[in-house]
Structures are given as structure tokens and as C-alpha cells.
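Enquirer: Residue numbers (the working numbering): 270 to 682. Submitted below is the structure of interest, expressed as C-alpha cells.
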Amino acid sequence: MANLMAEYATIAGADVVSHLRQLAEPLKGAKVVHVNSTRSGGGVAEILHKLVPLMVELGLDARWEVLTGNDAFFRCTKHLHNGLQGYPVALEDADRQSFHAASAENAERLRALLEEADVVFIHDPQPAALLDLCPNRRGRWIWRCHIDLSHPHRPIWRFLRPFVAGYDASVFSLASFAQPLPHPQYLIPPSIDPLSDKNLELPEAEIAAARTRFGIDPERPLITQISRFDRFKDPLGVIAAYRLVKRFLPNLQLVLAGGSASDDPEGAAMLQEVRDTAGADPDIHVLDLPPDSHRCINALQRTSRIVLQKSLREGFGLTVTEAMWKQRPVIGGDTGGIRLQVVNYHTGFRVSTPEGAALRIRYLLHHPELLEAMGAKAQAYVRENFLLTRQLREYLTLMRALDNHGSDRIELG
Ligand code: UDP
């Protein structure tokens with residue numbers, strides 16, 4: 270692990286790494302705890318797997334805790350998640366009770382650790398209630414919201430807001446995601462780890478093996494969407510777009526690859542709906558992958574001409590950035606963080622309908638030189654903006670800013 274920073278230096282630059290060390294110096298030994306709701310599945314877990322060890326390598330006493338809960342709790346938090354993204358859901362009394370009960374149980378288990386911590390990062394709504402359940406906390410508490418709160422279903426936001434209002438600060442990925450809250454709000458977009466199995470360069474033989482394993486014809490164009498099977502990722506819209514293109518390009522292939530997250534109880538039903546919609550088309554490959562399929566996903570992204578992320582709502586689609594890092598243009602839903610990630614007409618296209626996606630797919634497949642140029646720009650854009658080192662720098666800066674001992678002057682240098 271000690272060599273990790275040196276490896277990052279080769280990708281992000283030695284000055285970037287030395288700046289990180291400098292920022293971390295006064296934070297050495299600080300007890301930092303991250304809490305989220307799943308160890309695998311979804312972008313938050315993906316980031317924490319790397320961010321936490323890097324904080325440790327920089328000398329912070331960082332750790333990562335995961336909520337436990339029963340099915341009723343995760344059903345409730347999935348409602349919260351959907352509602353916060355604008356879907357009109359109703360919380361029943363039983364949902365509220367399971368939320369309170371699981372929060373109390375987790376607080377029992379984690380209280381000593383959390384109250385002792387210097388900085389606590391609470392990720393997303395699921396663990397938000399922990400703050401009030403740790404009355405003797407001595408550190409700074411940050412609510413790190415990864416989802417797009419711009420148009421929440423109001424009753425759901427009214428339920429959640431009192432839990433997050435008491436935090437010392439919140440972090441959103443984009444300004445437009447935030448809601449008025451009585452504390453400072455920081456904007457920190459997520460990032461990808463270029464050294465992880467998900468993103469590192471792969472030998473050509475490994476990519477070819479993935480094609481063989483899934484029956485993908487290397488001679489024919491492939492488009493791919495990697496996503497949890499979730500309505501907001503719009504896998505059915507992707508199939509609709511594929512079918513529109515297929516009329517003109519009968520040799521087109523589609524991969525829809527996903528898996529389930531332990532905090533997402535709706536995945537299985539969505540997967541079934543995707544399978545039913547795909548029907549008997551041998552060129553649609555619906556893949557239900559285990560959570561550790563990082564190299565396999567990497568290979569699928571690399572073997573695709575174009576990567577889709579046709580989300581209807583998206584916090585910050587890590588899959589978008591992962592594909593761009595691999596020099597793939599991305600056709601993404603014109604929503605949320607994708608607006609920040611995909612520079613329209615430069616690193617891909619943003620679309621609002623299956624018809625729009627189909628038009629762009631056809632266009633790019635007919636202009637391979639443009640496709641390649643967009644892919645190159647996409648990678649450069651990620652290198653500049655969305656690597657883990659940038660996000661780590663911003664988290665360290667945030668911790669320094671909060672550790673200001675009541676002073677109005679905050680030294681960040
Ligand atoms: N992912 C994965 N396996 C899957 C589906 C997704 O490992 O079956 C990864 C994907 O590569 C990305 C993350 O999970 O790193 C999903 O993050 P994103 O921000 O795109 O979406 P989220 O699931 O957090 O809404």
C-alpha cells in the first residue's frame with residue numbers, strides 16, 4: 270500500500286501527490302469514520318474501497334463502517350432513495366418505524382466509535398439518523414449526499430431533512446443537487462480510481478476472453494450499459510434505443526450488465542423486466558454479474574464501441590467516468606451529474622429519449638474517426654477532473670476547513 274502514492278504520481282503527477290501529503294500533514298492521526306449502507310454494489314462503495322486506504326496511507330486513522338438492517342429497513346431506505354430522486358413514493362408508519370429501529374440498533378453498535386471520531390462522513394440518507402443518536406459526539410459530522418436532491422418528492426424530503434439539518438456541513442456532487450440547509454454546503458464531485466481492477470489497462474487476451482465467455486462477436490459492433498438494475502438507469506430505454514438502431518444496423522450487439530447491491534431490494538424485479546423485454550434476441554446480452562466482477566466490467570467497457578448510461582436520474586454516474594477513462598464516448602441521459610461528466614458533442618452526447626440515443630449511436634458508429642477523437646478527449650477530461658486524487662484533495666481540504674477552531678480564517682495551504 271505504501272507504494273500506492275508513488276503509483277498515483279505516475280498517473281496524476283508528482284506535484285499532485287506531494288500536495289496531498291502536505292494537506293494531510295496536520296490531519297495525521299485524526300480519527301475519521303465513513304458510514305454507508307453497503308460494502309459492495311453502487312458507486313459509494315466503489316469509492317470508499319479506495320478512498321479509505323488512501324487516507325490511511327496519508328497518516329489518517331480512517332475506517333469504514335457499514336449499516337446493518339433487515340429487509341424492512343432497506344425497503345424503507347430504497348423508498349427514501351427513490352423519493353429523494355423525485356419519484357412519488359409514500360412512507361408508511363411501518364417504514365418509519367423500521368428506519369428508527371435500524372438507526373437505533375446501528376447507533377448502539379457504532380456509538381463509541383462515532384462519538385470519539387474527529388470527523389464522521391455519513392454517506393447518503395440511510396445512516397443519516399446516526400447524528401442525533403450520538404449526543405456526545407466530539408468531532409465534525411459531514412453529510413455526504415451522493416444523489417440528486419434537486420427535485421425531491423416533498424414528503425420524503427420533509428421526513429429526511431430534520432435528520433441532516435444538524436450536521437456541520439454537507440457535501441453534494443453538484444450545486445444544482447443541493448437543497449437549502451442550515452450549514453455550509455461543499456461541492457465535491459466523485460471520482461474513479463485509475464489503478465483499480467475496474468479501470469486499469471487490461472491485456473488484450475483478457476478482453477478477448479470476456480467476449481468469448483459472454484458470446485460477443487468481436488467482428489460486430491457492441492454497445493454496453495453497466496448499471497445496477499434500477500428503474501432510474503432506464504435499461505428498458507436502452508433496449509428501445511438498441512432496437513431502433515438495429516433496424517438500420519442488423520449486426521449490432523447490446524450488453525446490459527449489472528448486479529445487485531445489498532441495500533437495493535428492487536433489483537431482482539427490474540432484472541426480470543429487462544429479461545422479459547429483451548426476449549429471445551440473441552444479440553442482447555443481459556448479464557447478472559457478481560459484485561467482484563471488476564475486471565470483467567473493465568473488459569466489457571473496453572470491448573464496446575460506445576458506452577451508454579441512459580439514466581433518467583443520476584447522482585454522478587461512475588460508470589460514465591469509467592468508460593471515458595477507457596477512451597469510450599458515452600451517450601448519457603441528460604440528467605444530474607452526467608451533465609458535468611459528458612461534454613455534449615465533445616466527449617459524447619447527452620440524450621433525453623431512446624430516439625435521441627439511437628440517433629447518436631448511429632451517428633457515432635458511422636463516423637469511426639470521430640468516435641475515436643471523442644474517446645481521446647473523454648480520457649483527457651477524466652484525467653483533468655475526475656481522478657481519485659482530486660477528490661481526496663478536496664476531502665482533505667474540507668477537513669482542514671472544518672477544523673478551524675471557531676476562527677473565521679481558514680488556512681488551507
Ligand atoms: N458496478 C459493478 N457491478 C455492477 C454494476 C455496477 O461493479 O453490476 C459498478 C460500476 O462499475 C460503478 C458502480 O458500480 O463503479 C456504480 O456506480 P454509479 O455511480 O454508476 O451508480 P450507482 O449504482 O451508485 O447509482
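Even for Gly, the Cβ is constructed at its ideal location relative to N, Cα and C.
Pair every Cβ in the stretch 395 to 403 with every Cβ in the stretch 356 to 364, then say whether three or more of these pairs are closer than 8 Å.
Expert: no
Enquirer: Just to check, is the beta-carbon of Ile316 closer than 6 Å to a non-hydrogen atom of the ligand UDP?
Expert: Counted from its first residue, the sequence shown places residue 316 at position 47. Because no heavy atom of the ligand UDP lies under 6 Å away, the Cβ of Ile316 does not count as near it: no.
Enquirer: How about Val589 and His554: are their beta carbons less than 7 Å apart?
Expert: Working through the sequence shown from its first residue, we reach residue 589 at position 320. Working through the sequence shown from its first residue, we reach residue 554 at position 285. Their beta carbons are not under 7 Å apart, which means Val589 does not touch His554 by this criterion.
Enquirer: To the nearest angstrom, report how far apart Lys297 and Glu326 are at their CA atoms.
Expert: As a position in the sequence shown, residue 297 is number 28, starting the count at 1. As a position in the sequence shown, residue 326 is number 57, starting the count at 1. When rounded, the distance between both Cα atoms is 10 Å.
Enquirer: Would you say the beta carbon of Arg332 is closer than 6 Å to some non-hydrogen atom of the ligand HEM?
Expert: The ligand HEM is absent from the structure shown, which contains only the ligand UDP.
Enquirer: For Ala649, which of Trp594, Trp426 and Tyr277 has the nearest alpha-carbon?
Expert: As a first step, residue 649 is located in the sequence shown; it is residue number 380 there, counting from the start. The candidate whose alpha carbon is nearest that of Ala649 is Trp594.
Enquirer: Between Ser445, Pro463, Ala438 and Asp462, which has its C-alpha nearest Pro451's C-alpha?
Expert: If you number the sequence shown from 1, residue 451 lands on position 182. The candidate whose alpha carbon is nearest that of Pro451 is Ala438.
Enquirer: What number of angstroms, rounded off, separates the C-alpha of Val612 from the C-alpha of Phe618?
Expert: As a first step, residue 612 is located in the sequence shown; it is residue number 343 there, counting from the start. As a first step, residue 618 is located in the sequence shown; it is residue number 349 there, counting from the start. C-alpha separation (whole angstroms): 7 Å.
Enquirer: In terms of residues, what are the limits of the alpha helix (DSSP H) holding His563?
Expert: On the sequence shown, position 294 is the one that residue 563 refers to. It spans His563 to Thr572 - the alpha helix (DSSP H) in which His563 sits, taken as one unbroken run.
Enquirer: Can you tell me which residues form a DSSP beta bridge with Trp426?
Expert: Within the sequence shown, numbered from 1, the residue matching residue 426 stands at position 157. In the DSSP output, where bridge partners are listed per residue, Trp426 has none listed.
Enquirer: Give the DSSP bridge partners of Ala647, in chain order.
Expert: In the sequence shown, the residue the question calls residue 647 occupies position 378. Answer by DSSP bridge pairing: none, since Ala647 is not bridged.
Enquirer: With DSSP collapsed to three states, give me the class of Gln354.
Expert: Counted from its first residue, the sequence shown places residue 354 at position 85. Here Gln354 sits in coil by DSSP.
Enquirer: On the DSSP bridge list, what partners appear for Glu334?
Expert: For this step, residue 334 is matched to residue 65 along the sequence shown. Under DSSP, the beta-bridge partners assigned to Glu334 are Val304.
Enquirer: According to the Cβ coordinates, are Met668 and Val388 closer than 7 Å?
Expert: As a position in the sequence shown, residue 668 is number 399, starting the count at 1. As a position in the sequence shown, residue 388 is number 119, starting the count at 1. Result yes, Cβ atoms of Met668 and Val388 sit closer than 7 Å.
Enquirer: State buried or exposed for Tyr664, treating a residue as buried only when at least 16 other CB atoms are found within 10 Å of its CB.
Expert: Taking the sequence shown and counting its residues from 1, the one referred to as residue 664 is at position 395. Buried, because 16 or more other Cβ atoms sit within 10 Å of the Cβ of Tyr664.
Enquirer: Quick check: does the Cβ of Arg497 come within less than 6 Å of any heavy atom belonging to the ligand UDP?
Expert: Indexing the sequence shown from 1 puts residue 497 at position 228. At least one heavy atom of the ligand UDP is nearer than 6 Å to the Cβ of Arg497, so yes.
Enquirer: Following the continuous beta strand (DSSP E) through Tyr455, name the residue where it begins and the one where it ends.
Expert: Within the sequence shown, residue 455 is the residue found at index 186, counting from 1. Run containing Tyr455: Gln454 to Leu456, per the beta strand (DSSP E) assignment.
Enquirer: Please classify His422 as buried or exposed, where buried requires at least 16 other C-beta atoms within 10 Å of its C-beta.
Expert: For the purposes of this step, residue 422 is identified with residue 153 of the sequence shown, where counting begins at 1. By the neighbour-count rule (16 or more Cβ atoms within 10 Å), His422 is buried.
Enquirer: Is Ser676 helix, strand or coil by DSSP?
Expert: As a first step, residue 676 is located in the sequence shown; it is residue number 407 there, counting from the start. Coil at Ser676, not helix or strand.
Enquirer: For Val285, name the three-state secondary structure that DSSP assigns.
Expert: Within the sequence shown, residue 285 is the residue found at index 16, counting from 1. Look at Val285 here: in three-state DSSP terms it is helix.
Enquirer: Measure the beta-carbon distance from Ile575 to Leu513 and round it to whole angstroms, keeping in mind my assumption that it falls under 8 Å.
Expert: Walking along the sequence shown from the start, residue 575 turns up at place 306. Walking along the sequence shown from the start, residue 513 turns up at place 244. About 14 Å; that fails the 8 Å criterion.
Enquirer: Rounded to the nearest angstrom, how far is the Cβ of Ala281 from that of Thr658, given a contact under 8 Å?
Expert: Here residue 281 is taken as the residue at index 12 of the sequence shown, counted from 1. Here residue 658 is taken as the residue at index 389 of the sequence shown, counted from 1. That belief holds up - the Cβ atoms of Ala281 and Thr658 are roughly 4 Å apart, short of 8 Å.
Enquirer: Leaving out the 5 sequence neighbours to the left and right, which residues in its chain are closer than 7 Å to Gly355 when beta-carbon positions are compared?
Expert: In the sequence shown, the residue the question calls residue 355 occupies position 86. These residues qualify, in order along the chain: His420, Pro421, His422 and Arg582.
Enquirer: What number of angstroms, rounded off, separates the C-alpha of Arg427 from the C-alpha of Val433?
Expert: Working through the sequence shown from its first residue, we reach residue 427 at position 158. Working through the sequence shown from its first residue, we reach residue 433 at position 164. Using only the alpha carbons, I get a separation of about 11 Å.
Enquirer: Do you know how far the Cα of Ala478 is from the Cα of Ser442?
Expert: By one-based count along the sequence shown, residue 442 stands at place 173. By one-based count along the sequence shown, residue 478 stands at place 209. Going from the Cα of Ser442 to the Cα of Ala478 covers about 36 Å.
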